[in-house]
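Colleague:
Residue numbers (my numbering), protein chains in the order written: chain A, 1 to 461; chain B, 1 to 456; chain C, 1 to 85.
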């Protein structure tokens, strides 16, 4: 079945003030309608302040990261887009003419990138509005309908979120995404879905919608051109019954247009953050690491930054392996993001150095890493704290002898040819040495001892 | 209120008249006359207390400000915190202003006392003062006739001596038209000279706050007080301060005054005769009078109406009845609804090019023609309104009503400035001369008006 | 009401059409959207307004609301599509 899927994605930009007033943008913990003023609540006669420059520059930078051409040397207007909805205090939304055009991300064409303003937060069930959010600058990214399955749509959304996250220009808190999607399947009509708040939501909404539309077509029914809302709790879409309106778009006579010149674009390009897919490519080449490892490393900008800082100090391949496996595991286990990491690259490099010199086993290294994430300190110090100072050969031998002596049944089993008994004994030795011994050394020594005891037994016999 | 603005200020400064006394007299005058005239919708209950504070400052010898102790009326479309700012509409019948307009802040900082909110045409949609939801205003200078609009209450309040100065607004003629009919002085400043934060929109790209006053001195004084850049607004001009009073007395001998044959084509001959008399006076004062071309003057009005409607439609979308007030379409008067419908129609996507954008092209044309004319002369003088004010209650067609704006709306399109001063009377009814200046030519306009005022 | 509205709509269209008629012969020029030609009037990002300043506005804002809840939310209609659920 052929289908076309496109997105309009909105994310809040990370500014301190709103786009056209000086109200704060950190509305998370603010009581309703406290971060508001006459401008962002559309009191009669209130005029917008000049647009927040940081927001404009953020949109330019994001447009560049998405491979767009920035519209230069011609006026970009802040327009009024009119519609009647409780969350929209002025009855129109500020939306710029395109700032970026003709971009591309993972094979999906980016049609336009705009600067917009967030409306207030409307609770459609309770019938309440809180305008704390109203007027926060947004970047709007409009794609061509270039995706052909829910999975492709999900892949694009993930990658887009990653790019936005990388840019550092959007608000870092989760849940600021607002997306609309349009879907048409062959032989049908385009349907728009609003109220999507996550990549997962987008995937489920599209999946549901495709099934719904397919069902209609199979039954020979007509698909109406309409706007539907996605209900996250039930993972379904329902009609919004919005009147088809004309947006009566006019340039806002209260706000002068701006013109971006090439020099400004180039200045932003220079300081622009490398996009994740370009960085992945570079990491593979520069550090000779696997595609798979690079993919994991670039999944968070801070993770990639840390990787490069560490890889400059020690074997990049070892670093990549550790990032991909043990570090990722520890972070996942502790439910942390790379941005939460407090230890220094030097500390991590120090740990890898110990592993490399076989002063600690990889397993011990992981224990140290856990401590490092919890409470950063010099790895040497952590090693001592964990009681993981290197084991003397005599200590290990004593432990092996003790384990053999205390577990005659396992010894017998092993001598009878049950290999798994060796693992059991190794575990005992591990316990006795409190994990300080290298498992490979333990098994080696165990085997040797058991072999010689077998010989002794034979001799006696 | 009996004497000129300058003399009154002097009396206040010398302590012969206190701010409290002045405000008290204004309130008494309102009490006495306003049942008939209906120039005010709402009075400021704190006016007396504010006047007392000004008096204390004067007594202590502190700088009390340029407007110290003067009683100021504010048009009901200018937000004055905690007063009902209704635009004379049921839509905002219970809206209590949540903030002070920038000009109100400036007036207060200068020691002016806002005594109340003036009546007006509903949402400034009208040229007669009759569309107010609070009832029409009478013309104190020609009782029984309209005072003009939309700043009807402001001009009437000045003419009846109910306050010293007024903050009004002009979109297509709303200061100039009532100034002419009521025989008072007013000026529409250059777009962007006066900050408009707090002015409830009729048409943002034309709306300008400006003064109405009994004399040129008062007009210049108020304009000086409120003019100048507001960094928190996009569209104010980058001027830190202005000074008009110092040059008010400079003679006008070297000034070139333009007139246009177009004016007499569009104007009632009786009105034109008075205007010609005023031009003659300017000539006698030493000004050089020359003729200028304004080839498409008469095309301005309908283009103005189209652009204004599109912007008005946009501006009224916030009046959805949810946050404050009531939904505009449900309670507004005919003219307001007409403009909303008009704006709705022309700013639709498929109509834009034909109507809205076309009107914006005519705006370009008018700007060019006025610029060319004003490159040749310092000011262009002519009538303000093509006809005399009608009697209250006369039924006019919408087209006849619009015709009042024929000569004022082109200036709004041109983005220049224009003042109005009484030129004379026709059967006891005032006729105002419109003095049209260049961009930021307020100083010259005021000088010309001041010279004319002196020969009366 | 409907009668009045229709009448007003008609007069609005008349005005618009009379404009088209009167502008027929005029040259096609660049549109003037603003009274002045100015570009790139922006303001820097920076410290937001202090909470005390906003508190005064909040009181006035809420007192103008036709209805509000005790937390200071504006009360409006329940969305039709949500109502049907």
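By construction, the Cβ of each residue, glycine as well, lies at the ideal position given by its N, Cα and C atoms. As the structure is a computational prediction, the values presented were derived from the model and not from experiment.
1) Closest to residue 10 of chain A by CA distance: which of A:456, A:264, A:322 and A:195 is it?
2) If the criterion is Cβ atoms closer than 8 Å, does the pair residue 103 of chain B and residue 194 of chain B meet it?
3) Beta-carbon of residue 53 of chain A versus every beta-carbon of chain C: anything under 8 Å?
4) At a CB distance below 9 Å, what residues from the region 128-161 of chain A approach chain C? Give them in sequence order.
5) By Cβ distance, which residues of its chain are closer than 6 Å to residue 241 of chain B, with the 5 residues on each side in sequence left out?
6) Between the alpha carbons of residue 408 of chain A and residue 448 of chain A, how many angstroms are there, rounded?
7) Among the residues of its own chain, which have a CB less than 7 Å from the CB of residue 97 of chain B, if the five just before and after it don't count?
8) Evaluate residue 278 of chain A with the Cβ neighbour count: other Cβ atoms within 10 Å of its Cβ, from every protein chain shown; 16 or more gives buried, anything less gives exposed.
9) Taking the C-alpha atoms as reference points, what is the distance between residue 13 of chain A and residue 293 of chain A?
10) Using a Cβ-Cβ distance under 8 Å, would residue 6 of chain A count as near chain B?
11) Thinking residue 435 of chain B and residue 448 of chain B are a contact (beta carbons under 8 Å), I'd like their distance in whole angstroms, please.
12) Would residue 249 of chain A pass as a contact of residue 47 of chain A if the rule is Cβ separation under 8 Å?
13) Going by the DSSP bridge assignment, what does residue 52 of chain A pair with across the sheet?
14) Quick check: the region 274-294 of chain B against the region 24-41 of chain C, are there 3 or more CB pairs under 8 Å?
15) Can you give the Cα-Cα distance for residue 310 of chain A and residue 371 of chain A, rounded to whole angstroms?
16) Excluding five sequence neighbours on each side, which residues of the same chain lie with their C-beta closer than 6 Å to the C-beta of residue 2 of chain B?
17) Since residue 137 of chain B and residue 153 of chain B are thought to touch, with beta carbons under 8 Å apart, how far apart are those beta carbons, to the nearest angstrom?
18) Listed from N- to C-terminal order along the chain, which residues in the region 159-171 of chain B have their beta-carbon within a distance smaller than 7 Å of any beta-carbon of chain A?
19) Whose CA, out of A:260, A:222 and A:328, lies closest to the CA of residue 97 of chain A?
20) Can you tell me whether DSSP reads residue 2 of chain B as helix, strand or coil?
21) Would residue 196 of chain B count as contacting chain A if we go by Cβ distances under 8 Å?
22) Compare the C-beta of residue 255 of chain A against all C-beta atoms of chain B and say whether one is closer than 8 Å.
23) Assign residue 20 of chain A to one of three DSSP states: helix, strand, or coil.
24) For the candidate residues B:39, B:296 and B:177, whose alpha-carbon lies nearest to that of residue 185 of chain B?
25) Along chain E, in chain order, which residues have C-beta atoms closer than 7 Å to that of residue 360 of chain B?
26) Determine the extent of the alpha helix (DSSP H) in which residue 123 of chain A is found, giving its start and end residues.
27) In chain order, what are the residue ranges of uninterrupted alpha helix (DSSP H) at least 4 long that sit wholly in the region 87-129 of chain B?
28) Could you check whether the Cβ of residue 312 of chain B sits closer than 8 Å to any Cβ belonging to chain A?
29) Could you check whether the Cβ of residue 40 of chain C sits closer than 8 Å to any Cβ belonging to chain B?
30) With a CB to CB cut of under 8 Å and the five nearest residues on each side skipped, what residues in its chain are close to residue 260 of chain B?
31) I'd like the list of long-range same chain contacts for residue 157 of chain A, defined as Cβ closer than 6 Å, with 5 residues on each side in sequence excluded.
32) Can you find a C-beta in chain B that's less than 8 Å from the C-beta of residue 349 of chain A?
33) If you drop the 5 nearest sequence neighbours on each side, which residues of the same chain put their C-beta closer than 8 Å to that of residue 129 of chain A?
34) Using beta carbons (cut-off 8 Å, strictly below), is residue 40 of chain A in contact with chain C?
35) Is the Cβ of residue 27 of chain C closer than 8 Å to any Cβ of chain B?
Modeller: Per the coordinate set shown:
1) Here residue 10 of chain A refers to the residue found at position 10 when the first chain is read from its first residue. With distances taken between Cα atoms, residue 10 of chain A lies closest to A:195.
2) As a position in the second chain, residue 103 of chain B is number 103, starting the count at 1. As a position in the second chain, residue 194 of chain B is number 194, starting the count at 1. In contact: residue 103 of chain B and residue 194 of chain B (Cβ atoms closer than 8 Å).
3) Here the question's residue 53 of chain A lines up with position 53 in the first chain. By this cut-off, residue 53 of chain A is an interface position.
4) Listed in sequence order: 128, 129, 130 and 131.
5) Locating residue 241 of chain B in the second chain gives position 241, counting from the first residue. So the list reads 228, once near-sequence residues are dropped.
6) Residue 408 of chain A sits at position 408 when you count from the first residue of the first chain. Residue 448 of chain A sits at position 448 when you count from the first residue of the first chain. For residue 408 of chain A and residue 448 of chain A, the gap between their C-alpha atoms comes out near 16 Å.
7) Mapped onto the second chain, residue 97 of chain B falls at position 97. Same-chain partners within the cutoff: 79, 80, 81, 82, 83 and 85.
8) Within the first chain, numbered from 1, the residue matching residue 278 of chain A stands at position 278. Under this definition residue 278 of chain A is an exposed residue.
9) Residue numbering aside, residue 13 of chain A sits at position 13 when the first chain is read from its first letter. Residue numbering aside, residue 293 of chain A sits at position 293 when the first chain is read from its first letter. If you take the alpha carbons of residue 13 of chain A and residue 293 of chain A, they lie about 30 Å apart.
10) Within the first chain, residue 6 of chain A is the residue found at index 6, counting from 1. Residue 6 of chain A does not count as touching chain B.
11) As a position in the second chain, residue 435 of chain B is number 435, starting the count at 1. As a position in the second chain, residue 448 of chain B is number 448, starting the count at 1. Going by Cβ atoms, the distance from residue 435 of chain B to residue 448 of chain B rounds to 5 Å, so yes, they are a contact pair.
12) Within the first chain, residue 249 of chain A is the residue found at index 249, counting from 1. Within the first chain, residue 47 of chain A is the residue found at index 47, counting from 1. Taking 8 Å as the Cβ cut-off, residue 249 of chain A and residue 47 of chain A do not qualify as a contacting pair.
13) To locate residue 52 of chain A, count along the first chain from 1; it is residue 52. The partner list for residue 52 of chain A (beta bridge, DSSP) reads C:43.
14) Flag = no, the region 274-294 of chain B and the region 24-41 of chain C do not touch.
15) For this step, residue 310 of chain A is matched to residue 310 along the first chain. For this step, residue 371 of chain A is matched to residue 371 along the first chain. Approximately 18 Å, taken between the alpha carbons.
16) In the second chain, residue 2 of chain B corresponds to position 2, counting from 1. Per-residue confidence for residue 2 of chain B stands at a pLDDT of 48, beneath the threshold of 50, marking its modelled position as unreliable; no derived number is given.
17) For the purposes of this step, residue 137 of chain B is taken as the residue at position 137 of the second chain. For the purposes of this step, residue 153 of chain B is taken as the residue at position 153 of the second chain. Beta-carbon to beta-carbon, residue 137 of chain B and residue 153 of chain B are separated by about 5 Å, close enough to satisfy the 8 Å threshold.
18) Nothing from the region 159-171 of chain B brings a Cβ to less than 7 Å from some Cβ of chain A.
19) Numbered from its first residue, the first chain carries residue 97 of chain A at position 97. If we check each option's Cα against that of residue 97 of chain A, A:260 comes out closest.
20) The count along the second chain starts at 1 and reaches residue 2 of chain B at position 2. With a pLDDT of 48 at residue 2 of chain B, under the threshold of 50, the modelled position of this residue cannot be trusted; read the value that follows with caution. Assigned with DSSP and collapsed to three states, residue 2 of chain B falls in coil, not helix or strand.
21) Within the second chain, residue 196 of chain B is the residue found at index 196, counting from 1. Residue contact with chain A for residue 196 of chain B: present (Cβ-Cβ distance below 8 Å to some residue of chain A).
22) Looking up residue 255 of chain A in the first chain gives position 255. With 8 Å as the cut-off, residue 255 of chain A counts as an interface residue toward chain B.
23) Counting from one through the first chain, the residue named residue 20 of chain A turns up at place 20. Residue 20 of chain A: coil per DSSP, three-state reduction.
24) Along the second chain, one-based indexing puts residue 185 of chain B at 185. Nearest C-alpha to residue 185 of chain B among B:39, B:296 and B:177: B:177.
25) Among the chains of the structure shown, chain E does not appear; the protein chains present are A, B and C.
26) Within the first chain, residue 123 of chain A is the residue found at index 123, counting from 1. Element bounds for residue 123 of chain A: not the alpha helix (DSSP H) but the beta strand (DSSP E), 121-123.
27) If only uninterrupted alpha helix (DSSP H) runs of at least 4 residues are considered, those enclosed by the region 87-129 of chain B are 102-109.
28) As a position in the second chain, residue 312 of chain B is number 312, starting the count at 1. Chain A, which has no Cβ nearer than 8 Å to the Cβ of residue 312 of chain B, makes this no.
29) What you label residue 40 of chain C is simply residue 40 of the third chain in a count that begins at 1. Cβ-Cβ to chain B under 8 Å: no for residue 40 of chain C.
30) The residue given as residue 260 of chain B occupies position 260 in the second chain. Counting only residues of its own chain and dropping the five nearest sequence neighbours on each side, residue 260 of chain B has a CB closer than 8 Å to the CB of 291, 292, 293, 294, 297, 373, 380 and 382.
31) Here residue 157 of chain A corresponds to residue number 157 of the first chain, with the count starting at 1. The residues are 199 and 202.
32) Counting from 1 along the first chain, the entry for residue 349 of chain A is found at position 349. Residue contact check for residue 349 of chain A against chain B: no CB pair falls below 8 Å.
33) The residue given as residue 129 of chain A occupies position 129 in the first chain. The beta carbon of residue 129 of chain A is closer than 8 Å to those of 86, 87, 120, 121, 122 and 123 in its chain, skipping five residues each way along the sequence.
34) In the first chain, counting from the first residue as 1, residue 40 of chain A sits at position 40. No, because no Cβ of chain C sits closer than 8 Å to the Cβ of residue 40 of chain A.
35) For the purposes of this step, residue 27 of chain C is taken as residue 27 along the third chain, with counting starting at 1. Answer yes: the Cβ-Cβ gap between residue 27 of chain C and chain B drops below 8 Å somewhere.
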